Amino acid sequence: MIAMASFTDLVPAPGNPSIDWPTIEQTFDWFRRLSDCPQDPVFHAEGDVGIHTRMVAEALVADEAWRRCDAVSRASLFWAALLHDVAKPDCTRLEPGGRVTSPGHSRRGQIMARRILWRAAAPFRQREEICHLITHHQMPLYLIERNKPERRVHAVSLQTRCDLLSILAKADVNGRRCDDPNRLLDNIELFRALAREERCYAEPRRFASAHSRFLYFRKADRAPHYEAYDDWTGHATLLSGMPASGKSTWLRAYAGDAEIISLDDLRHELEVEPDAPQGPVVAAARERARAALRAGRPLIWNATNLSRARRGPLVDLCAAYRTKVTIAYFETTEAEAARRNAARESPVPARALERMLDHWEAPDLTECHALDVRLT
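The opening residue of the sequence shown carries number 985 in the numbering used here; numbering runs sequentially from there.
Put into structure tokens, the structure is as follows:
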């Protein structure tokens, strides 16, 4: 683990951009792992992931665009550069014919970085900015060649900053040896132009309303400027957060007369152990939710809901009943979560908590009508 002071101290100053590689290598086992991970020489003739990561960070701090950023943005970019390929050792494989690939390393890297930065006590909003710089670090290199690039850039702008993403992508290109760097750099410039044209280069894309935004990301034929007619009257709140993050405390204070769907309560009622197959519990929860949604009653779904894959079907269920969705996201520090968990009547086992962290994706505004972040 690294203290917050070290988290900021390791970021080079713009007037003296030398990187303390010895401290980074001695401190982080995830950084040391990068040097054991090969890359495809067609795209990375410079060598292994460790060499590439060093070159990317060096290219970043030499860039005038990085030096002109404010201190928070410089720190976000620096840590994104160090962590952008953190998942390659877990995702890399040798394909038939000798090609080296690492499918899914960007999304997996986001999840790994979130755990690393949470344990480093990085500020929540800055941490999420870094995580999504990692999620999308390859996008500016190829986005202009994809279908509907505007929709993708709108989504990115709600998760991180497109201007910072373009700076990271440039460093990613300048920190490698490949056959077509000029094409990649040209694509980054086209990405920048597109983000400016779509009015989301240095700020989130604006929509006519929260409902318009929600439907835009659910319907492929929606125009971003379209103002959706809003006749949805129901409301549901999906709770999201690790155990002991404050969800139950919030429920006691704010649930009111809402129908509460609690997977923990249903497990107890149905006598299903947490490690047993959860099909009967989920089926019972969804049936109770449907009854509340049909009746138009306010609904609260109380579960960890830590991944988009978990939240997505619940949002779909609510949308099928024309019910607006708020995601209430709860988080506390690692030390406080451990203290609260130990004080519970039935603490969550450490192995179960680690499994949850392996799938941890904080929610964002591409998923819901409203996002209520509560740092407890």
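The C-beta atom is built at its ideal place from N, Cα and C for all residues, glycine as well. No experiment lies behind these values; they were computed from the predicted model shown.
I'd like to confirm the pairing. Which residues does DSSP put opposite residue i in its beta bridges?
i: LEU1078; result: VAL1084
i: ILE1284; result: THR1221 and ILE1244
i: LEU1359; result: GLU1315
i: ALA1354; result: THR1310
Tell me whether the beta-carbon of residue i lies closer than 7 Å to the beta-carbon of residue j.
i: HIS1028; j: ARG1160; result: yes
i: GLY1093; j: ILE1118; result: yes
i: CYS1184; j: SER1141; result: yes
i: GLU1243; j: ALA1276; result: yes
i: GLY999; j: LEU1018; result: no
i: LYS1231; j: PHE1314; result: yes
i: GLU1257; j: ARG1103; result: no
i: PRO1001; j: VAL1045; result: yes
i: ALA1312; j: ASP1356; result: yes
i: LYS1154; j: ILE1172; result: yes
i: ALA1194; j: GLU1211; result: no
i: ALA1237; j: ASN1325; result: no
i: VAL1084; j: TRP1014; result: no
i: LEU1298; j: LEU1222; result: yes
i: THR1360; j: THR1316; result: yes
i: ALA1041; j: ILE1003; result: yes
i: HIS1121; j: LEU1168; result: no
i: THR1307; j: ALA1354; result: no
i: SER1224; j: PRO1347; result: yes
i: ILE1245; j: ALA1207; result: no
i: LEU1067; j: ALA1097; result: yes
i: ARG1189; j: HIS1138; result: yes
Going by C-alpha distance, which of the options is nearest residue i?
i: PRO1107; options: CYS1146, GLY1280 and VAL1056; result: VAL1056
i: LEU1290; options: GLU1345, ALA1275 and THR1011; result: GLU1345
i: ALA1064; options: THR1085, LYS1132, LEU1149 and TYR1126; result: LEU1149
i: ASP1170; options: PRO1124, GLU1320, ARG1130 and ARG1111; result: PRO1124
i: PRO1331; options: ASP1248, LEU1283 and GLY1280; result: ASP1248
i: LYS1072; options: GLU1173, GLU1211 and HIS1089; result: HIS1089
i: ASP1147; options: PRO1133, ALA1049, GLY1263 and PHE1191; result: ALA1049
i: ALA1220; options: PRO1282, ARG1189 and ARG1190; result: PRO1282
i: ALA1268; options: ASP1259, ALA1179, ARG1167 and TRP1285; result: TRP1285
i: SER1086; options: GLY1240, GLN1023 and ASP1163; result: GLN1023
i: HIS1036; options: HIS1121, VAL1157 and ARG1292; result: VAL1157
i: ARG1130; options: LEU1178, ALA1105, ARG1111 and ASP1164; result: LEU1178
i: ASP1020; options: ASP1032, GLY1263 and VAL1026; result: ASP1032
i: ALA1293; options: ARG1272, ALA1260 and ASP1342; result: ASP1342
i: PHE1062; options: ARG1091, ILE1008, GLY1081 and ASP1205; result: ILE1008
i: ALA1260; options: GLU1079, ALA1336 and GLU1329; result: ALA1336
i: GLU1338; options: GLU1030, SER1246, ALA1207 and ARG1099; result: ARG1099
i: VAL1266; options: ARG1295, GLY1280 and ARG1278; result: ARG1295
i: ARG1091; options: GLU1079, PRO1080, GLU1112 and LEU1078; result: GLU1112
i: THR1144; options: ARG1109, TYR1126, CYS1162 and GLU1134; result: ARG1109
i: PRO1333; options: LEU1199, LEU994 and MET1226; result: MET1226
i: TYR1126; options: ILE1095, PRO1165 and LEU1101; result: PRO1165
i: ARG1038; options: ARG1016, ASP1054 and ARG1058; result: ARG1016
i: GLU1182; options: GLU1134, SER1196, TYR1200 and GLY1240; result: GLU1134
i: PHE1012; options: PHE991, GLU1030, ALA997 and CYS1053; result: PHE991
i: PHE1198; options: LEU994, GLU1351 and ASP993; result: GLU1351
i: PRO996; options: ARG1058, GLU1030, ARG1052 and GLN1010; result: ARG1058
i: ARG1358; options: GLY1263, LEU1235 and ARG1328; result: LEU1235
i: CYS1053; options: ALA1186, ARG1180 and GLU1320; result: ALA1186
i: SER1060; options: LEU1101, GLU1079, CYS1162 and ARG1077; result: LEU1101
Can a CB atom of chain B be found closer than 7 Å to the CB of residue i?
i: SER1330; result: Of the chains in the structure shown, none is chain B; there is only one protein chain.
Mind pulling the alpha helix (DSSP H) runs of 4 or more residues that sit fully within the stretch 1230-1273? Counting only runs of 4 or more, we get 1231-1238 and 1247-1254.
Those runs of the alpha helix (DSSP H) which lie wholly inside the stretch 989-1050 and span at least 4 residues: Within the stretch 989-1050, the complete alpha helix (DSSP H) segments at least 4 residues long are 1005-1011, 1013-1017 and 1033-1045, listed from N- to C-terminus.
Unbroken beta strand (DSSP E) runs of length 3 or more, entirely within the stretch 1288-1323: which are they? Within the stretch 1288-1323, the complete beta strand (DSSP E) runs of at least 3 residues are 1307-1315.
Whether or not the stretch 1211-1224 and the stretch 1300-1307 are in contact is what I'm after, with contact meaning three or more pairs of Cβ atoms, one per stretch, closer than 8 Å; do they touch? Two segments are said to touch when three or more pairs of C-beta atoms, one from each, lie closer than 8 Å; by this definition the stretch 1300-1307 touches the stretch 1211-1224.
List in chain order: all unbroken beta strand (DSSP E) runs of 3+ residues lying wholly within the stretch 1135-1207. Complete beta strand (DSSP E) runs here, min 3: none at all.
Completely contained alpha helix (DSSP H) runs for the stretch 1094-1123, where each covers 4 or more residues: Within the stretch 1094-1123, the complete alpha helix (DSSP H) runs of at least 4 residues fall at 1108-1119.
Quick check on the DSSP output: what are the complete alpha helix (DSSP H) runs of length 4 or more inside the stretch 1050-1075, in order along the chain? With a minimum length of 4 residues, the unbroken runs of alpha helix (DSSP H) contained wholly in the stretch 1050-1075 fall at 1055-1067 and 1072-1075.
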